[in-house]
Amino acid sequence: MLILPLHKPLNLSTLPVVTVLLVLVNIYVFFAWQAGDEEKVQATQAWYQQSGLAEYEVPAYEKHLRLGAQSEALAELQSVPVAQRGGYVGMATLSDVAFQRALENGGLFESEDEQAAWAPLRRAYQAQLDQVFTLRHILRSSEWSPKRLLSAAFLHGSVMHLLGNMLFLVVLGLLLEGALGAWRFLGLYLLGAVGSSVASVLWRWGEVGGGLGASGAIAAVMGAFCVVWGMRPVRFFYWFGVIFNYVRAPAIWLLPLWLGWEVFNLLTNDEAGIGFDAHAGGLICGALLGAVLVLTRQTREAFMADEVEASASDQRWEQAQQYMGRLENAAAERVLAELAVEQPQRLDVALARYRVAANAGKLDDQRVRAADVLRLDADDANSLAAQRGIVQQLLHEGVVAELAQPAFERCLKAGWLQEAEAVWEQATQLSGEAQAQGWLRLALRHGEAHAHAQRRRLLELLQQRFGSTPQAGKARFLLEND
C-alpha cells in the first residue's frame, strides 16, 4: 500500500528549509559517518573467531539461552554446524544487551580462570566494535538509552532505505512545515523520533536486536499532518496492488488508513525486518503533538487555506489529473483544452496537455503542445526543469522546423546556452539570414555571460557560414573591435 499526499508544488515559495536540512543531515550521516561500517563489522567478526574469543562465548551463549528458557533461539543455534557457530554467535549478539551483561556478571563461565582468559579478549573486541559508528548509535532492544532514542533516527541500513525515507520526508515536510513553521516542525520531528523509538523499545522489550532509520520520525510527521490539516481536503496519490489513482479527501481520513496498515503488519508480518512498531508509535505520537499545536492555535492557516480556496474555485484541474492518472487521455485533453482557452498563461495546463499527447502517442499534437509549453514563462524550478526536459527530448529526437524557434528562444531566455546552440545547429530549414540572426544573438548572449571565448567562436562561425548576410558584417565589426 502506498498513500502520498501530493497537494502543493515544490518551488521556491513553498521550499521547506528545515525539511531540506534534515534530508541533507541524513544523507551526510549515511555517506560520511556510516560509510565503511559494513567492512568494519566484517573485520571484527573475523577477529572474533581468529582470536579465540568465539571459543569462550559460543558455549556461554548456549548457556545463556538455556538459562533464559529461550528454546527457539537455542534450537536455531544448535541447528548451525559447529564450525560455523562462532560466526553465528558473533553476529547474533552484536546488539544483545542481556547477553553482554550476563557475560560481565561472570555467571556464564565454568571457572574464574576461564573468565579471566576471556576478559582481555572481550575488551579488545569491544574496542573494535566501538569504532563502528552504526553500532554506537543504533537503537538496541531491551535498553533505555536517551542518546540512542534520537541518534538511531539518523541512521540507515542501505541507499534504498535512505532514498525511500527521504522521499516521504520531502513530500510530507512540504505540507507540514508550511503549516507549522520551521521551528515547530523541527521540534515535532525530533520529539516524534524519540517517541517512535520509545514505542519500539517498549514493544520489543525482552527481545534481541536493534532498529535504525528515519521512518519513525517521518511517521510522526504523517500523524501530525493528518491532525493539523484535519478536515481540509487534500489531493493524494494511492496505490493498492494494481489499482492507483489521485483523489481528494480530508487529511484526517489518512490517519486510520496509515495507522491501520502499520498495526496490521505489526501483528501479522513481524518477520519482515521492518519497524512497524516504530511506525505505529510515531503516527500516534505525531497525531498527539499535532493535536496540541492545533488546540494551542500554533498552525499557519493561510498556508493551508490558499490551496483549498484555489481548488474550490474550479474542480476541472483536479478532474483532469484524475483522468490522467487513469490514462483516460481523450477525457483529460477535453478538460485541459477548456482550461487552456480560459487561462492561456497557465504553464501547468500546457505541460499537462503535452504529457497527455505523449501518453496518447499523438506525435503531431505533442509537437504543438511542446511549442505551447516553450512559449510560456516558468516561475519555479520544477517548471523550468520540465521545459528543459522537453528541449533535451527534442534534441534527442531531432528538432523539427516548427519547434526550432520556440525551443531556441526558451533556451536563450533561460540561459541554457549549450542547448540553444545544439537546437540552432539543427535549424537548417530556416533561411540563411534567420539562421545568421540566431547565431549573432547567441554570441551576444555568451558575451553577457562573460564567456568571451565562446562569443568570439560563434562570431567567427557566423562569418564563415553566412558571410553575405548583414549579420556577418556586424560580426566582423565586433571581432575587429574586440
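Numbering (our numbering), first residue to last: 279 to 760. We treat Cβ as the ideally placed atom computed from N, Cα and C, and that holds for glycine. All of these numbers come straight from a predicted model, not from anything done at the bench.
Please go through the segment 293-342 and give each complete alpha helix (DSSP H) segment of 4 or more residues, from N-terminal end onward. If one requires a minimum length of 4 residues, the alpha helix (DSSP H) runs lying completely within the segment 293-342 are 295-306 and 315-328, in chain order.
R513 in three-state terms, based on DSSP: Of the three classes helix, strand and coil, the one that applies to R513 here is strand, per DSSP.
L480 to A556, Cα distance in whole Å? Distance between the alpha carbons of L480 and A556 is about 10 Å.
Cβ of A565 within 8 Å of Cβ of G501? G501 sits close to A565, with the two beta carbons spaced by under 8 Å.
Inter-stretch contact at 8 Å, needing at least 3 Cβ pairs: the segment 711-724 / the segment 681-695: At 8 Å Cβ cutoff, the stretches touch.
In terms of DSSP beta bridges, what is V525 paired with? Answer is F514.
Mind reading off the beta-carbon distance from D658 to L290? Whole number of angstroms is fine, and I expect it under 8 Å. Confirmed, Cβ separation roughly 6 Å.
Less than 7 Å between C-beta atoms, sequence neighbours within five positions excluded: which residues of the same chain meet that for Q323? Within the same chain, and ignoring the five residues on either side of Q323 in sequence, the residues whose Cβ sits closer than 7 Å to its Cβ are G365, G368 and M369.
Who are the Cβ neighbours of T292 in its own chain at under 7 Å, not counting the five residues just before and after it? For T292, where only same-chain residues beyond five positions count, the Cβ hits under 7 Å are K286, L452 and G456.
Nearest-angstrom Cβ-Cβ length linking A636 and Q623, presumed shorter than 8 Å: About 22 Å; that fails the 8 Å criterion.
Who are P283's beta bridge partners in DSSP? Paired residue(s): F514.
Would you give the residue range spanned by the alpha helix (DSSP H) that Q378 belongs to? Following the DSSP letters along the chain, one finds Q378 inside the alpha helix (DSSP H) bounded by residues V375 to N383.
Comparing alpha-carbon positions, which option in A712, D760 and A692 lies nearest P748? Ranked by Cα distance from P748, the options A712, D760 and A692 are led by A712.
Taking the alpha-carbon positions, what's the C738 to R754 distance? Note on identity: in this sequence residue 738 is Glu, with Cys being the wrong assignment. Roughly 8 Å between the two C-alpha positions.
Assigned secondary structure, G762 (DSSP; H/G/I helix, E/B strand, else coil): Outside the modelled stretch of the chain, which goes from 279 to 760, sits residue 762, for which no answer is possible.
Kindly indicate which three-state DSSP category L756 falls into: helix, strand or coil? Correct three-state label for L756: helix.
Compute the beta-carbon to beta-carbon distance between G628 and R612, rounded to the nearest angstrom, for a pair I have assumed lies under 8 Å. First, the amino acid is wrong: residue 628 is Ala here, not Gly. Their Cβ separation, rounded to whole angstroms, is 16 Å, which puts A628 and R612 out of contact at 8 Å.
Which partner residues does R418 have in the DSSP bridge list? Bridge partners of R418 according to DSSP: G488.
Taking DSSP as the reference, what is the three-state secondary structure of A656? Three-state DSSP puts A656 in coil, outside helix and strand.
If you count every other CB in all the chains shown that lies within 10 Å of the CB of V410, and 16 or more means buried, which is it? V410 is classed as buried because its beta carbon has at least 16 other beta carbons within 10 Å across all chains shown.
Please report the Cβ distance between L614 and A598, rounded to the nearest whole angstrom; I am assuming they are in contact, meaning their Cβ atoms lie under 8 Å. Indeed they touch by this definition, with Cβ atoms about 5 Å apart.
In chain order, what residues of the same chain have a beta carbon less than 6 Å from the beta carbon of Q406, not counting five sequence neighbours either side? Leaving aside the five residues that flank Q406 on each side, the residues in its chain whose CB is nearer than 6 Å to its CB run, in chain order, T322.
Hey, could you find the ends of the alpha helix (DSSP H) R734 is sitting in? Residues H730 to R743.
By Cβ distance, which residues of its chain are closer than 8 Å to H439, with the 5 residues on each side in sequence left out? When the five nearest sequence neighbours on each side are left out, the beta carbons in the same chain lying within less than 8 Å of the beta carbon of H439 are those of G491, in order along the chain.
Quick check: H724 and L690, are their CB atoms within less than 8 Å of each other? Not in contact: H724 and L690 (Cβ atoms no closer than 8 Å).
Taking the alpha-carbon of V541 as reference, which of E485, A477 and Q600 has the nearest alpha-carbon? Nearest C-alpha to V541: A477.
Is T747 helix, strand or coil when you go by DSSP? Residue state for T747 is assigned as coil, using DSSP reduced to three classes.
So which of M602, L447, Q378 and A380 has the shortest CA-CA distance to N304? Of the candidates M602, L447, Q378 and A380, the one whose C-alpha sits nearest the C-alpha of N304 is L447.
Selected residue, minimal CA-CA separation from V634, among E616, F503, E421 and Y601: When only C-alpha atoms are compared, the closest one is Y601.
Grouping DSSP H, G and I as helix and E and B as strand, with all else coil, what is V678? V678 falls in the coil class under three-state DSSP.
Leaving out five residues before and five after V307 in sequence, what residues of the same chain have Cβ atoms less than 6 Å from its Cβ? Exclusion of the five residues before and after V307 leaves F432 as the residues of its chain whose Cβ lies within less than 6 Å of its Cβ.
Does DSSP put K691 in a helix, in a strand, or in coil? Helix.
If I'm right that L280 touches W517 with Cβ under 8 Å, what's the distance once you round it to whole angstroms? 4 Å between Cβ atoms; contact.
Going by DSSP in three states, A347 sits in which element: helix, strand or coil? Of the three classes helix, strand and coil, the one that applies to A347 here is coil, per DSSP.
What does a CB cutoff of less than 6 Å around V512 pick up in its chain, not counting 5 residues either side in sequence? Excluding positions up to five away in sequence, the list reads P283, H285 and A529.
Whole angstroms is fine: what's the gap from L571's alpha carbon to W539's? Cα to Cα, L571 sits roughly 25 Å from W539.
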